[in-house]
Each structure stands twice: as structure tokens, then as C-alpha cells.
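> Mind having a look at this structure? Questions to follow.
Protein chains: 2
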Amino acid sequence: MKSILSVALPQQAYNVVIAPQVRTQVGAWLSDRQQPLLKPGQKVLLVSNPVIFKHYGEQAIASLTQAGFQVSHCILPAGERYKTLKSVQKLYDAALANRLERGSAMVALGGGVIGDMTGFAAATWLRGIAVVQMPTSLLAMVDASIGGKTGVNHPQGKNLIGAFHQPRLVLIDPQVLKTLPAREFRAGMAEVIKYGVIWDVDLFEQLEAAERLDQLRHISADLLQSILTRSCQAKAEVVAEDEKEGGLRAILNYGHTLGHAVESLTGYRSVNHGEAVAIGMVAAGQIAAEMGWWTEAECDRQLALIQKTGLPTHIPAELSINDILETLKTDKKVKDGQVRFVLPTRIGEAKVTNQVEASVIRQVSEQLQAP
Amino acid sequence: MKSILSVALPQQAYNVVIAPQVRTQVGAWLSDRQQPLLKPGQKVLLVSNPVIFKHYGEQAIASLTQAGFQVSHCILPAGERYKTLKSVQKLYDAALANRLERGSAMVALGGGVIGDMTGFAAATWLRGIAVVQMPTSLLAMVDASIGGKTGVNHPQGKNLIGAFHQPRLVLIDPQVLKTLPAREFRAGMAEVIKYGVIWDVDLFEQLEAAERLDQLRHISADLLQSILTRSCQAKAEVVAEDEKEGGLRAILNYGHTLGHAVESLTGYRSVNHGEAVAIGMVAAGQIAAEMGWWTEAECDRQLALIQKTGLPTHIPAELSINDILETLKTDKKVKDGQVRFVLPTRIGEAKVTNQVEASVIRQVSEQLQAP
Ligand SMILES: NC(=O)c1ccc[n+]([C@@H]2O[C@H](COP(=O)([O-])OP(=O)(O)OC[C@H]3O[C@@H](n4cnc5c(N)ncnc54)[C@H](O)[C@@H]3O)[C@@H](O)[C@H]2O)c1
Ligand SMILES: NC(=O)c1ccc[n+]([C@@H]2O[C@H](COP(=O)([O-])OP(=O)(O)OC[C@H]3O[C@@H](n4cnc5c(N)ncnc54)[C@H](O)[C@@H]3O)[C@@H](O)[C@H]2O)c1
Ligand SMILES: [Zn+2]
Ligand SMILES: [Zn+2]
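Residue numbers (this note's numbering), protein chains in the order written: chain A, 1 to 371; chain B, 372 to 742.
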């Protein structure tokens, strides 16, 4: 089983490889081809966090070393609260200590936090060196690793500091998901469902056909391969059409408008990103149904799929709807004061709009609040 | 007197405007045209240092405010040693405090230090917002403000952290040079002479024809306008052909190979950048003559011009030639262990080579050392 997708960007296309065991083949992928992605003997800085490095670090290093690269590594603490300029500074120090040059590369082995920071450090070291993404969380596989958004948080806001910097290669090994905590797995599934709703009706139907989706061990290797391939394909297609988020790419924010408000009001703690997106998708679906853009039947199918995945579908009872409406207005995606929503029109298709009335948002939010 | 040049980059072209008093017209330039560069009412963060802000800050702010922009400012300490991530963090804080959005802009009013930091902050705030360069030093006018290189220093190396981010507009007011210290003026003249040697024989001959070049007050407004226009034109042409320094752009490093070694060995103190480049150009010229690439006669004309400008032409006596040769080997521009030199072939033309024998570098360096 192996899928190779291409992210067809005008400046430089790159591959997304989805294959069991690919984590042990990174060296070969970078060297062993007619057009090697890195020159022989180049320096490679592998970046990871302690947990992930313990599981998969040595294998990746062995593969890179065997391919003749000069490998060093830098381990950053795990967790969103370390996605800071300070961590990036540690990467700069490691880049300097290991004398990374223009032809060198960084390899991000980890979830979206490691991927975003490594991408940003690579974007800004010597004004840009190569980065290879080896995502290890489901969310990073289907979302963060593809598309070139990199960055860190400002103490007062998420992802405020960053750069666009496309990876040279993305290597996805489904097997590493075995060690991913179940809650993180479900969080990633929220983005997978998102692709089904906004882009790929076949993916949606495959998910519907599965008996269980709440834990990895109930999912066959074939289905997992298909989920990863279709999700990455969706992201790759959208990104290729709109690299810098001028238009189409905005549909990837499906579920994220209200989702971000829920995340930020719960202090990024009790509800994680995927859970917030799940709630946001339920809300956006009901807004779309309310406005007559989407059928009730399809809206119900989405709800059932989200429930089957074990993701939440209610706004936490402790949040005030007024606060949510206020927070929506300060969202980064607000344009000229109008809140921007992505709404499905049918399964596999969505549209961006800033025409949702505040009263509709309020009504749907109130309905969605847990009793 | 007014020159408008275009930096014709494939993705986005931008203008370089050279005109007396343009510092008081920045607001109009950003707003008052058929295609405004910034939307009406947008937020603008003006960045400067205390000295420059005292001279020109209020005028720029008045012009921007009058054009209807919401203007805030951030003053960073003066000097190369503050060209750090820490200063950039202050810019991020100001961007947040003033709620800069995707459609907002930063305006850099200052020398290369302010320009590089502001450019980097703009490159990385919300993954890139607009930046306008208003260079106030001669070096920043003819070099740093054009071409999109931005960045800061790492404690252990210059310009190691950065990004490519082209400005939306460059506004050059020759009148602000009146307050520039004479030594800084001469430093900028080194880059002007560089463009004469590698690109523009007419510029070179204009400089030769001038009676004095060592101080601004001996230079007519016409000659100054011409010097600025031709230098910016040279930089713009080279950058337009090779935005990311893949090939041609390397010739802009004329004088910088040995120059950087001299700068770094004197600890960036006793010899400033322009002075080091002047010494480096003398060295590169003599290497070219030694190798038969350049005539002795033209080499002498360059030497005379550098002397007339009041720039140094000798390697400081306290530097060891062995140290210089060692430092050359660790230069960023070293490729596969070969030191890369830019050598003139005739006035107005230069070539990049890594074929200079170490013995020739040594011999020329020894000859050039102050007794
Ligand atoms: N760049 C983009 O386009 C983009 C898109 C979406 C999200 N993001 C960013 O991604 C981040 C979230 O990513 P995430 O959900 O992967 O978070 P994460 O990187 O914090 O990973 C989640 C947790 O899972 C652990 N983990 C990851 N893979 C594992 C494995 N195989 N085995 C055991 N443990 C493993 C991590 O150590 C961490 O504790 C956020 O910072 C978000 O802003 C970026
Ligand atoms: N981005 C690029 O392509 C590029 C190219 C060349 C140099 N640079 C960078 O530029 C920096 C050097 O630039 P610089 O020489 O302008 O240094 P600078 O910015 O430190 O300015 C030199 C001094 O002159 C003062 N000054 C500037 N304009 C003045 C004015 N009109 N009146 C009074 N005082 C004034 C400054 O306050 C400072 O003290 C370096 O950091 C270098 O790396 C960047
Ligand atoms: Zn998301
Ligand atoms: Zn220079």
C-alpha cells in the first residue's frame, strides 16, 4: 500500500507519500532518486519532541545517516504552549551549532506543533532552507503538514507570527498513529470529516460506511490508507489552486469560525482544536440548513458521522452565547466587520459567505448549547 | 526633480520614487492614486529609531494621518547591535497592540537596520503584511531598501535569520541625507562605486567627473539625484533578473568577500561596512588585474575614485593575513569549500568565480596591508 500525491504549486511541486514504514525510509526518499531532494552528505537537523522522538527518532536518524547525511537533532518540549519564538530560537541555535547551510534541511518529526515551528525556523534560517515534514498526529498528516503555513504563537494570540514556506517532501507513515492518544486521533478525524463535507463526497460515504470511527484499532489498514489519501488529496488540491489564501483556501476553515471562538473561550484547554471544529461544523451545518442552503437530511448525516466518531456536538454549557458572538467579531478572518462563515451547499461542496445574520448565529448557538 | 523606477518582479512589481520632499508625501503615495497601495483608513505602523524619528518622524506621521490612515509608531534603539529578534518582538507587540490586520502596513523610516527589522516583522506578522521602505541612510537608499532581503542577526552571526519580503513601495528623499553623519555617507558611497564598477560605466564616469565626493555638501543636487537614480536602477535590474540570489544577484557581493572578512575580524567596530567593502573592492580589483581579467589602468581608476571618496584602501595593519584567509573559508558564500569572488572584467561588468588561487588572495592581501 502506497499513495504518492503531488501538491502542484507553480513555483515548486512536492510529493506527499503515504505508506506504512515510510518513517524508516526518509533517507532513501531524500537521496535515492534521479533528482535527489538533498545533495549527498548534506546536513540535516531532525526536530521532534521527547515522546515522539522516543518512539520514532532513532529509526529516522538511522535512515538519514545510512543515506549519507550528517544528522543532528533538536528536541523541543511537547505542547502548544511551547509553540513560541523562544522554541524557534533553540532551533536557530541548533542550526548554528550544526552549521546548517543553504543546501541543508530540517526534518519535522511530530505533530502540528513541531511541524509549524520547524517550518518557520526553516523559512527564516538563511532566508529559507529546505524542510521535510514527517507528521505523526492525524491532524498534522491531513492538515498541518501540507500547504506551507508555518508559524508560532504570540503570547496574546495563536499563529500570529509566521511565514509561508512549502515543504520539500511530506512523508506520512500511518503506523505511527498507533501510539497517538485516542483523543488526539478523534481531533484529527474532525478535519477528515471536514474534507468529506466540503470537498469529497466519496470520502464522506466511506466514513459513513465504517462501523466504528472512534478509535484507530477499529479501522482497517485499507480504510486508514484511504482516509489519509483522500484527505491529503483534498488539502493538496485546494492549496494548489490558492497557495496564499486569497480565495478558495478559505473553505478549509469550515467549522473553524465558531470553532475558534469555542477554543479561545475555553482557554484552549477543556475543548481541543478538533473537538471545537466538530462543534463548529455542527453549527455551520445548521446555519446552512436554517438559511435553506443545505438540506436537513444531509445536515443530519453530518451530525450522525460526527457522533459516531465520538466528537462533541454541543457548545459547552459554561460558555455564554454573548461571549461567543463577541469573539466571532474579533476573529482574524473577519473582513470589514462581517463574520465570514463557510457553509455546505451539499455534501462535497461548500461556499464562503459573510451574509449570515447575527440573529441566525445566535439562534443556532443557543440550540446547540449543552443543557 | 523626480525619478520613478520600477522593480519588475514576476509576482508583484513595485516603484522606487526618488524625489526631494517625498518624505512629507508618503500618505499621498499610499492612497492618492487610481490603484491605492493601501485601503483608505487602514492601520499603519511607522518604525524608526530615536534620532531619525526626531528629525523626520512627525512629518511622515502627519502625511499619513492626513491621508486618512490610522497611524501608530514604534521606536527601536539605534545601532546594529539592536538588530535582533528581541527588537522584532517589540514590533510584534506593537502590531498586536495596534491591531494590525492583513490589510495593514508597516513603514520603515531609517537606515538599513530599521529597514531590515521592519521588513522581517512585516514578512512574518500574520504570515506577511505590506511594508513600505523610507530609507534615510545612503546605504539603505541604494542597497538595503530594494530587493526584499529582510532579517536580523543571531548573537553569533550577521543576518542569519530572515526572509525574502518585497516592499510595496520605496520612497527616497535625498534631502534627509543632510543629517546623516559624514562617515555613514561615505560608507554608502562605497556601494555606489560598486554599482559603477559592476554594472553602470556611466555612473562610474559621472563619479570620476565630480570634483569632490567625500562629503555631501560638495555634491550638487543634480549629481545626487543621478547617483541615487542610477544606483537604485542597477540594484533593481539585478534583483528583477534574480530575486532569490540564484545567480546574477551574486555580483552585488563585489567587494564583499574580503570586505566581510575585514568587518568580522575588526569586530564590526573600527571599520564599518562601507569601508570594508571599499577595501574589498580594491582587493578584488587587484586580484582581477593579477589574473589578467582586468586592465591595470581600470584598476587604478577604481582606486583613485575610492580614494577621492575618502574611503580606506588598505587592510588595517593589526589584522593577520592568515586570519583573513581562514575567515574567507567560513563565509556564507563559500560553496563546496571554494571561496567565491566577484571580479570586474571591465568597468561596468563583473563575473562571479570560485577559481581564485589562495596564493593570489594572499599575495594581494599582503600588498594591501597598511604598513
Ligand atoms: N500549518 C498548518 O496549516 C496547520 C493546520 C492545522 C493546525 N496547525 C497547528 O497544528 C497544531 C496542532 O497539531 P497537533 O494536533 O498535531 O498537536 P501536537 O503537535 O501538539 O500533537 C498533539 C499531541 O500528540 C502527541 N503526538 C503526536 N504524534 C504522536 C504519535 N505518533 N505518538 C504519540 N504521541 C504523538 C504530541 O506529542 C502532542 O502531545 C496547532 O499548533 C495548530 O495551530 C497548523
Ligand atoms: N536588506 C538588504 O538587502 C541589505 C543590504 C545592505 C545592508 N543591509 C543592512 O543594513 C544595515 C546597515 O544599514 P545602515 O548603514 O543604514 O545602518 P544604520 O541603519 O545603523 O544607519 C547608520 C546610522 O546612521 C543613522 N542615520 C540613518 N539615517 C540618518 C539620517 N537621515 N540622519 C541622521 N542619522 C541617520 C542611524 O541612526 C545609524 O546610527 C546592516 O544591518 C546591513 O546588514 C541590508
Ligand atoms: Zn483545523
Ligand atoms: Zn554592502
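Even glycine gets a Cβ: it sits at the ideal position worked out from N, Cα and C.
Could you tell me which residues DSSP puts in a beta bridge with residue 386 of chain B?
Its beta-bridge partners are B:377 and B:540.
> Just reading off the alpha helix (DSSP H) that residue 1 of chain A is part of, what are its end residues?
Careful: residue 1 of chain A lies outside any alpha helix (DSSP H) and carries neither H nor E.
> Would the C-beta of residue 143 of chain A count as close to ligand 3, meaning under 8 Å from any of its heavy atoms?
Yes - ligand 3 has a heavy atom lying nearer than 8 Å to the Cβ of residue 143 of chain A.
> Name the residues in the stretch 521-550 of chain B whose C-beta lies less than 7 Å from a C-beta of chain A; which are they?
From the stretch 521-550 of chain B, only 522, 525, 527, 528, 531, 532, 533, 534 and 535 have a Cβ closer than 7 Å to chain A.
> Got a sec? Which residues, its chain only, sit under 8 Å from residue 262 of chain A by beta carbon, not counting five neighbours each side?
So the qualifying residues of the chain are 271, 276, 279, 280, 315, 316, 319 and 324.
> Give the single residue among B:501, B:520 and B:374 whose Cα lies nearest to the Cα of residue 614 of chain B.
The candidate whose alpha carbon is nearest that of residue 614 of chain B is B:520.
> Who are the Cβ neighbours of residue 523 of chain B in its own chain at under 8 Å, not counting the five residues just before and after it?
Counting only Cβ-Cβ distances below 8 Å, and skipping sequence neighbours, we find 454, 455, 456, 458, 459, 487, 488, 491, 530, 532 and 533.
> Are the CB atoms of residue 419 of chain B and residue 481 of chain B nearer to each other than 9 Å?
Going by C-beta atoms, residue 419 of chain B is nearer than 9 Å to residue 481 of chain B.
> Applying the criterion that 16 or more other CB atoms from any shown protein chain within 10 Å of the CB defines a buried residue, is residue 4 of chain A buried or exposed?
Label assigned to residue 4 of chain A: exposed.
> So is residue 134 of chain A buried or exposed if we call it buried at 16+ other beta carbons inside 10 Å?
Buried, by the Cβ-count rule.
> Is it true that the CB of residue 727 of chain B sits closer than 9 Å to the CB of residue 658 of chain B?
Against a cut-off of 9 Å, the Cβ pair of residue 727 of chain B and residue 658 of chain B comes out as a contact.
> Would you say residue 66 of chain A lies against chain B (beta-carbon separation less than 9 Å)?
Not an interface residue.
> Just curious, the beta strand (DSSP E) that residue 720 of chain B is in, first and last residue?
Where residue 720 of chain B is concerned, the enclosing beta strand (DSSP E) stretches over 720-724.
> Can you pull the chain A residues whose beta carbon is under 9 Å from the beta carbon of residue 463 of chain B, in chain order?
Here the neighbours are 85, 154, 160 and 161.
> Examine chain B for any beta-carbon lying closer than 9 Å to the beta-carbon of residue 127 of chain A, and answer yes or no.
Taking Cβ atoms only, chain B reaches closer than 9 Å to residue 127 of chain A, which makes this a yes.
> Rank B:586, B:427, B:413 and B:452 by C-alpha distance to the C-alpha of residue 436 of chain B and give the top, closest one.
With distances taken between Cα atoms, residue 436 of chain B lies closest to B:413.
> Could you confirm whether any beta carbon from chain A is found closer than 9 Å to the beta carbon of residue 495 of chain B?
Closer than 9 Å to some Cβ of chain A, the Cβ of residue 495 of chain B qualifies, so yes.
> Give me the Cα-Cα distance between residue 67 of chain A and residue 697 of chain B, rounded to the nearest whole angstrom.
Residue 67 of chain A and residue 697 of chain B: Cα-Cα distance of roughly 31 Å.
> Are residue 97 of chain A and residue 131 of chain A touching if we call contact CB-CB under 9 Å?
In this structure, residue 131 of chain A does not lie closer than 9 Å to residue 97 of chain A by Cβ.
> Please confirm whether residue 194 of chain A and residue 254 of chain A have their CB atoms less than 9 Å apart.
Yes. Within cutoff.
> If you run the structure through DSSP and keep just helix, strand and coil, what is residue 273 of chain A?
Reduced to three states, the DSSP call for residue 273 of chain A is helix.
> So residue 96 of chain A contacts chain B; which residues on that side make the cut at Cβ distance below 8 Å?
Going along chain B in sequence order, the residues near residue 96 of chain A (Cβ under 8 Å) are 525, 527, 528 and 531.
> Taking C-beta pairs closer than 8 Å, name the residues in chain B that residue 89 of chain A reaches, listed in chain order.
Those are 456, listed as they occur along chain B.
> Between residue 274 of chain A and ligand 3, is the CB less than 8 Å from at least one heavy atom?
Checking the Cβ of residue 274 of chain A against ligand 3 gives yes.
> Consider the Cβ of residue 424 of chain B: report whether some Cβ of chain A lies at a distance smaller than 9 Å.
Chain A contact via Cβ: absent.
> Contact between the stretch 283-302 of chain A and the stretch 357-366 of chain A is defined here as three or more beta-carbon pairs at a separation below 8 Å; is this criterion met?
Taking 8 Å as the limit for Cβ pairs, the verdict is that the stretch 357-366 of chain A does touch the stretch 283-302 of chain A.
> Helix, strand or coil for residue 570 of chain B? Go by DSSP, reduced to three states.
Reduced to three states, the DSSP call for residue 570 of chain B is coil.
> Specify the secondary structure class of residue 548 of chain B as computed by DSSP and reduced to three states.
Here residue 548 of chain B sits in helix by DSSP.
> Along the chain, where does the alpha helix (DSSP H) that runs through residue 228 of chain A open and close?
Per DSSP, residue 228 of chain A belongs to the alpha helix (DSSP H) from 221-241.
> Compare the C-beta of residue 120 of chain A with all C-beta atoms of chain B and state if any pair is closer than 9 Å.
Closer than 9 Å to some Cβ of chain B, the Cβ of residue 120 of chain A qualifies, so yes.
> Among residues of its own chain, excluding the 5 on either side of residue 474 of chain B, which ones have a beta-carbon nearer than 6 Å to its beta-carbon?
Counting only Cβ-Cβ distances below 6 Å, and skipping sequence neighbours, we find 410 and 413.
> With DSSP collapsed to three states, give me the class of residue 345 of chain A.
If DSSP states are grouped into helix, strand and coil, residue 345 of chain A belongs with the strands.
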